[in-house]
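Top line first, the protein sequences correspond to chains W and F.
Counted the way this note's numbering counts, the first sequence spans residues 1 to 111.
Counted the way this note's numbering counts, the second sequence spans residues 112 to 224.
See structure below.
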Amino acid sequence: TQLLEQSPQFLSIQEGENLTVYCNSSSVFSSLQWYRQEPGEGPVLLVTVVTGGEVKKLKRLTFQFGDARKDSSLHITAAQPGDTGLYLCAGGRPGTYKYIFGTGTRLKVLA
Amino acid sequence: DAGVIQSPRHEVTEMGQEVTLRCKPISGHNSLFWYRQTMMRGLELLIYFNNNVPIDDSGMPEDRFSAKMPNASFSTLKIQPSEPRDSAVYFCASSFNRDQPQHFGDGTRLSIL
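Here's what the structure looks like:
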């Protein structure tokens, strides 16, 4: 059972554009992580958000955890070709160490 | 610092053969995770070790899969006999403890013909 739905699945944009990726669930999570994965490599953790409504910024990336801790978004400002990759969200199950991964959003930023 | 090291990077074998995937976690990390990634199912947790002891193997698909961690610096995931539906990228990840961020290796791309 896939508990985390990410949208869009694929996104191709021009350099300089802004974009938002969504991660949605009907389940409540204790925390939410975002990863970026490049071809031939493992996922690399970008951020962890733990409080409902929390917003974190990492340079041009802004991450938000929904108030009810069921969803999250990732906004990229002025995308660059180096942002190209597979973006994965992962929800932490309350009371456990386990993270459930979404199916990912594959982003391609064209120069 | 060396990250999580997995070998081999690619494995192609015929169905029915035994496959062994290897992982060296980051030194000092006491938690180790094995994941499988496919287009259809995404990234799934197979098994979790803490201090070399298997804590949760509920994600292991069936008895054909087994994992061991004989010491703090080495783990294996074995599939015997292998089947075409086992084709996937298998990742190993380690963390300082189970609540700390996980560091992933670069994976083993497994193709079962």
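Don't be surprised by glycine CBs; every beta carbon is placed ideally from N, CA and C.
Predicted model only: the values in this text are computed from it and were never measured.
- For the pair W:Tyr87 and W:Val44, the CB atoms are not nearer than the 8 Å cut-off.
- Residues of the segment 86–106 of chain W with a C-beta less than 7 Å from any C-beta of chain F: Leu88, Tyr97, Lys98, Phe101, Gly102, Thr103 and Gly104, listed in chain order.
- Only residues of its own chain outside the window of five on either side were considered, and among them Pro192 have a CB closer than 6 Å to the CB of F:Gly127, listed in chain order.
- A straight-line Cα-Cα distance of about 12 Å links W:Gln37 and W:Gly82.
- Distance check between F:Asn163 and each of F:Asp197, F:Val130 and F:Ser138 places F:Ser138 closest, using alpha-carbon atoms only.
- Taking the beta carbon of F:Asp168 as reference, no residue of chain W falls within 7 Å; the closest one sits roughly 13 Å away.
- Using a Cβ-Cβ cut-off of 8 Å, W:Pro39 does not count as an interface residue toward chain F, since no Cβ of chain F sits closer than that to its own.
- Taking a Cβ-Cβ threshold of 9 Å, the residues of chain W close to F:Gly218 are Gly40, Glu41 and Gly42, in chain order.
- Interface residue (Cβ-Cβ distance to chain F less than 8 Å): W:Leu45 is classified as such.
- When rounded, the separation of the alpha-carbon atoms in W:Thr96 and F:Arg209 is 9 Å.
- For F:Leu132, no Cβ of chain W is located within less than 8 Å of the residue's own Cβ.
- Considering only W:Glu17, W:Leu19 and W:Trp34, the residue with the shortest C-alpha distance to W:Leu4 is W:Trp34.
- Annotated three-state conformation of F:Arg209 is coil, per DSSP.
- In this structure the segment 129–147 of chain F touches the segment 197–215 of chain F; the number of beta carbon pairs closer than 8 Å is three or more.
- CA-CA distance, F:Gly218 to W:Pro94, rounds to 28 Å.
- By the beta-carbon neighbour count (other beta carbons within 10 angstroms, threshold 16), W:Asp67 is exposed.
- Taking 8 Å as the threshold, the shortest C-beta distance from F:Gly153 to chain W falls below it.
- By the rule that beta-carbons nearer than 8 Å mark a contact, F:Pro212 touches chain W.
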